[in-house]
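Chains as they are written, first to last, in the UniProt record's numbering: chain A, 1 to 720; chain B, 1 to 170.
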């Protein structure tokens, strides 16, 4: 009895398991929602940050371009004023003092004393006609650049003015000798940046930025800002400043948000900064496309195809698009990480909780329950001394209290039960004894009743026959007393009186003549009377004999039965029929015998006889409803293959309903008014006592019935 | 006296043939053939013999029924014919049909004042119960088998006598 060791699902473990599963579900859900929440927060923050970042970057990067535009606008105004302000004396000697036509045909700054790091240089390609107007523009440009060029040099490497005809005026301290080194056929109008100032390319006459190119001289990436100056409706000059893009490119490529990368391209999609080399063209095209087609005012876009966010800012000035691309995973990664932390913490707390819970359960529930179990085991084994902790104020305390009460009650009841049991045994014994007595009495009365059945028949039969004996005897006596015997002596006396004349007396005397006829008649009368009396006395004899038969048969069976004696069953059957003979005759029952000849059998003659008499008597009554000519009683006797003797009493009478077949052997069961219900009951009992059985079979009401008595076949010879 | 209508009608209801013979033997002593001749000769020889000739008994007409049902129908027929029975000897045990009590009950329904003598060879019924039910002692008597011929004859005479003589003798 170690239930705890056999438990496959202890309470504590299953409770823990259930709680653990529930908490785990809660933790999972919490983690999931935390993740969603963090992801959302992070994304919002990231996008705001992204937008801010790109805007700030754009603002900081676009400064140089705005500054260049401001510079150009300022120079443009100054140049225009200077052109108009120059007088004739400036165009002649001063021009020639500053510039000279070189041997190669070009016009350049005079080389003597020229310091390119501080001086503005002038170059007019070979073949370009230098007229007064050109002189004016060249000189004005020279003056203006000389005035402002060094100031701009703080932020810009060079400042220069080109004329549509090809000359160039430039302040470029980094390359002081370029003005003299360049070939005489160098046409600045062929440069890429110049074309942006042509009227056909720039009808609005705005400041425009060239695409990025690598300067032939310095070999650096740059973009050139150029503003055209029109005078009197004619393109007079273009003012330009170069902006070195290395820094911008460097910023764009290297200075990015963690996980993000930057792109810089023009509206037409031409990249200013080469994108990362691993980037697919299709990817880039999509980005550019979504940036170009974005609704106005929108600066943050989602690129669902590549799980990326785009923040767009426009660089004022060149109008380039600065795009920061933030991959989604950069945003979700921290969310995932945070969720992982939540999950980890949850699991940790779960484990901790379960551990604490296990501990609590073990001390608060399992151990007390174990105590209860042990207490129960002890009680089951009959030991009622259990000590439970009833001092607790919780349910277990209550349980312990109730348990204690229960134990006391069980102990009390067990005691009472044991006492009751003892007295019960006694009572049962008494009752059994009583029942045995009753049964014995019952058997006796059933047996007596069986005998009473025989006695009733006998007495009735004897009574009836005796009646006839009385009557016949009485009549005989009456006849005897009324016999006229006295007349014989009177006639004799009369004849004696006339002894002497007897002949005459008989022949002639009036009285004497009657003597002979009287004697004849008297003799005849006496003979008749004697015959009558003899008949009556014969009847008496016959009836008496009949009574004798009846009594003899009765005597055979009314004796105290011997247990076993050799019995000729055939004769026994005949006796049973004989006892019922009067009734059978009266009821006009035809008896058919099918009796196999058997040697004497050891059995209780009295009991067997009683059974057979009962069966024959019952069969006789059962056929009352059948027309007399059809009443047939069949008695059959045979040995069965199973070593029994079977005697069957069959009638074709009223039959037995199926529900009656079981009741028919019950004590007191009868269908006849005069019946006492003992017959079949005692017969069945007797059959059992003989070691055999009495059974009945009937197809139903009106189908007749067969009673079968089976007795053990114990041959008298064999046992003797 | 030879007129059959004067005879007192008695019905015997019993399932035993022999009992009917007994009743007839008791109630109808055989008419002795040639008795008249012999008596005449006797008178001629010895003078009149009053003792014998005075002993004139009423004659009974004895009918037989072997079952209660048959008995009832005979009683009913006799009533309808205007020649009712004055006395019935009724056996108690007459299987398989009605027993004595049942037959008596039905006879009473048809003929309430009919005298009945209930016979039995074996007292397997309670006479007290019978009287409790039928309660008319002067029309119901008991006769135990085996019976005495004189007793039967006396009963027949008493119970078949006209009312005034019955009250005298009873």
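Backbone N, C-alpha and C define an ideal beta-carbon position, used for all residues, glycine too.
Work out the CA separation of residue 141 (chain A) and residue 120 (chain A) for me, nearest whole Å. Here residue 120 (chain A) refers to the residue found at position 120 when the first chain is read from its first residue. Here residue 141 (chain A) refers to the residue found at position 141 when the first chain is read from its first residue. Near 9 angstroms, if we compare the C-alpha coordinates of residue 141 (chain A) and residue 120 (chain A).
Who are residue 121 (chain A)'s beta bridge partners in DSSP? For the purposes of this step, residue 121 (chain A) is taken as residue 121 along the first chain, with counting starting at 1. Paired residue(s): A:170.
Following the continuous beta strand (DSSP E) through residue 309 (chain A), name the residue where it begins and the one where it ends. For the purposes of this step, residue 309 (chain A) is taken as the residue at position 309 of the first chain. Residue 309 (chain A) -> beta strand (DSSP E) spans 308-315.
Sort A:462, A:537, A:473 by Cα distance to residue 149 (chain B) and report the nearest one. Residue mapping note: residue 149 (chain B) aligns to position 149 of the second chain, counting from 1. Minimum Cα distance to residue 149 (chain B) is reached at A:473.
Against chain B, does residue 475 (chain A) count as a neighbour if the rule is that its beta carbon must be under 8 angstroms from one of theirs? Sequence index remark: in the first chain, residue 475 (chain A) carries index 475 (1-based). Interface residue, yes.
Please classify residue 103 (chain B): does DSSP put it in a helix, a strand, or coil? On the second chain, residue 103 (chain B) is found 103 positions in, with the first residue counted as 1. If DSSP states are grouped into helix, strand and coil, residue 103 (chain B) belongs with the helices.
Using the Cβ count rule (16 or more neighbours within 10 Å means buried), how would you classify residue 405 (chain A)? Here residue 405 (chain A) corresponds to residue number 405 of the first chain, with the count starting at 1. Under this definition residue 405 (chain A) is an exposed residue.
If you measure between the beta carbons of residue 328 (chain A) and residue 308 (chain A), is that distance less than 8 angstroms? Position 328 of the first chain, counted from the first residue, corresponds to residue 328 (chain A). Position 308 of the first chain, counted from the first residue, corresponds to residue 308 (chain A). Yes, these two residues count as a Cβ contact at 8 angstroms.
Cutoff 6 angstroms; reference residue 215 (chain A); Cβ partners in own chain excluding five residues on either side: The residue labelled residue 215 (chain A) in the question sits at position 215 within the first chain. Excluding positions up to five away in sequence, the list reads 222.
For residue 146 (chain B) and chain A, any beta-carbon pair shorter than 8 angstroms? Sequence index remark: in the second chain, residue 146 (chain B) carries index 146 (1-based). Answer yes: the Cβ-Cβ gap between residue 146 (chain B) and chain A drops below 8 angstroms somewhere.
Residue 338 (chain A) to residue 366 (chain A), Cα distance in whole Å? Residue 338 (chain A) sits at position 338 when you count from the first residue of the first chain. Residue 366 (chain A) sits at position 366 when you count from the first residue of the first chain. The straight-line gap from Cα to Cα measures roughly 39 angstroms.
Can you find a CB in chain A that lies within less than 8 angstroms of the CB of residue 80 (chain B)? Sequence index remark: in the second chain, residue 80 (chain B) carries index 80 (1-based). So no, residue 80 (chain B) is outside the interface.
Listing by chain order, which chain A residues have their CB less than 7 angstroms from the CB of residue 93 (chain B)? Taking the first residue of the second chain as position 1, residue 93 (chain B) is located at position 93. Those are 460, listed as they occur along chain A.
Taking Cβ to Cβ, would you say residue 312 (chain A) is nearer than 8 angstroms to residue 299 (chain A)? On the first chain, residue 312 (chain A) is found 312 positions in, with the first residue counted as 1. On the first chain, residue 299 (chain A) is found 299 positions in, with the first residue counted as 1. Yes, these two residues count as a Cβ contact at 8 angstroms.
From what residue to what residue does the beta strand (DSSP E) around residue 261 (chain A) run? As a working note, residue 261 (chain A) is residue 261 in the first chain. That run of the beta strand (DSSP E) goes 261-265.
Does the beta carbon of residue 63 (chain B) sit closer than 8 angstroms to a beta carbon anywhere in chain A? The sequence position of residue 63 (chain B) within the second chain is 63, counting from 1. By this cut-off, residue 63 (chain B) is not an interface position.
Residue 110 (chain B), buried or exposed, once every other Cβ within 10 Å from all chains shown has been counted against 16: Walking along the second chain from the start, residue 110 (chain B) turns up at place 110. Label assigned to residue 110 (chain B): exposed.
Where residue 106 (chain B) meets chain A, residues with beta-carbon distance less than 8 angstroms: Taking the first residue of the second chain as 1, we reach residue 106 (chain B) at position 106. Residues of chain A passing the Cβ test: none, with the nearest at roughly 15 angstroms.
C-alpha gap between residue 152 (chain B) and residue 710 (chain A), whole angstroms: Your numbering for residue 152 (chain B) matches position 152 in the second chain. Your numbering for residue 710 (chain A) matches position 710 in the first chain. Answer to the nearest angstrom: the Cα atoms are 49 angstroms apart.
For residue 606 (chain A), would you say it is in contact with chain D, using Cβ-to-Cβ distances shorter than 8 angstroms as the test? Structure shown: chain D not included; protein chains present are A and B.
Cβ-heavy atom distance between residue 476 (chain A) and the ligand ADP below 7 angstroms? In terms of ligand content, the structure shown is empty, and the ligand ADP therefore cannot be addressed.
Limits of the unbroken beta strand (DSSP E) element including residue 590 (chain A): Here the question's residue 590 (chain A) lines up with position 590 in the first chain. Looking at the DSSP string, the run of the beta strand (DSSP E) that includes residue 590 (chain A) is 590-595.
Contacting residues, own chain, Cβ-Cβ under 7 angstroms from residue 461 (chain A) (five flanking each side not counted): Residue mapping note: residue 461 (chain A) aligns to position 461 of the first chain, counting from 1. The answer, listed in chain order, is 550, 582.
Where does residue 257 (chain A) fall in DSSP's three states? Against the first chain, residue 257 (chain A) aligns to sequence position 257. If DSSP states are grouped into helix, strand and coil, residue 257 (chain A) belongs with coil.
Within 10 angstroms of its Cβ, does residue 278 (chain A) collect 16 or more other Cβ (buried), or is it exposed? Counting from 1 along the first chain, the entry for residue 278 (chain A) is found at position 278. Exposed, since its Cβ has fewer than 16 Cβ neighbours within 10 Å.
DSSP on residue 52 (chain B), reduced to helix/strand/coil? Counted from its first residue, the second chain places residue 52 (chain B) at position 52. Confidence at residue 52 (chain B) is low in this model, with a pLDDT of 48, below 50, so the placement of that residue should be treated as unreliable; the coordinate-derived value is given next. Residue state, collapsed to three classes: helix.
Given a cut-off of 8 angstroms on the beta-carbon distance, is the pair residue 226 (chain A) and residue 197 (chain A) in contact? Sequence index remark: in the first chain, residue 226 (chain A) carries index 226 (1-based). Sequence index remark: in the first chain, residue 197 (chain A) carries index 197 (1-based). Yes, the Cβ-Cβ distance between residue 226 (chain A) and residue 197 (chain A) is below 8 angstroms.
For residue 131 (chain B), count the other beta carbons within 10 Å of its own beta carbon; 16 or more makes it buried, fewer makes it exposed. Which is it? Taking the second chain and counting its residues from 1, one reaches residue 131 (chain B) at position 131. By the neighbour-count rule (16 or more Cβ atoms within 10 Å), residue 131 (chain B) is not buried but exposed.
Nearest chain B C-beta to residue 522 (chain A) closer than 8 angstroms, yes or no? By one-based count along the first chain, residue 522 (chain A) stands at place 522. Interface residue, yes.
Among B:105, B:82, B:41, B:45, whose alpha-carbon lies nearest the alpha-carbon of residue 71 (chain B)? Here residue 71 (chain B) refers to the residue found at position 71 when the second chain is read from its first residue. Measuring from the Cα of residue 71 (chain B), the nearest candidate turns out to be B:105.
By DSSP, does residue 712 (chain A) sit in helix, in strand, or in coil? Here residue 712 (chain A) refers to the residue found at position 712 when the first chain is read from its first residue. Three-state result, residue 712 (chain A): strand.
Short check: CB of residue 529 (chain A) to CB of residue 483 (chain A), under 8 angstroms? Working through the first chain from its first residue, we reach residue 529 (chain A) at position 529. Working through the first chain from its first residue, we reach residue 483 (chain A) at position 483. Against a cut-off of 8 angstroms, the Cβ pair of residue 483 (chain A) and residue 529 (chain A) comes out as a contact.
Close beta carbons around residue 193 (chain A), own chain, < 7 angstroms, minus the five adjacent residues each side: Numbered from 1 along the first chain, position 193 holds the residue referred to as residue 193 (chain A). Within the same chain, residue 193 (chain A) has close Cβ partners 210, 224, 226, 240.
Could you tell me the alpha carbon to alpha carbon distance between residue 377 (chain A) and residue 12 (chain A), rounded to whole angstroms? Numbered from its first residue, the first chain carries residue 377 (chain A) at position 377. Numbered from its first residue, the first chain carries residue 12 (chain A) at position 12. The straight-line gap from Cα to Cα measures roughly 20 angstroms.
Nonlocal neighbours in the same chain, by C-beta distance under 7 angstroms from residue 714 (chain A), ignoring five residues either side: The residue given as residue 714 (chain A) occupies position 714 in the first chain. Within the same chain, residue 714 (chain A) has close Cβ partners 601, 602.
Tell me the rounded alpha-carbon separation between residue 160 (chain B) and residue 8 (chain B). Translated into positions along the second chain, residue 160 (chain B) becomes position 160. Translated into positions along the second chain, residue 8 (chain B) becomes position 8. When rounded, the distance between both Cα atoms is 7 angstroms.
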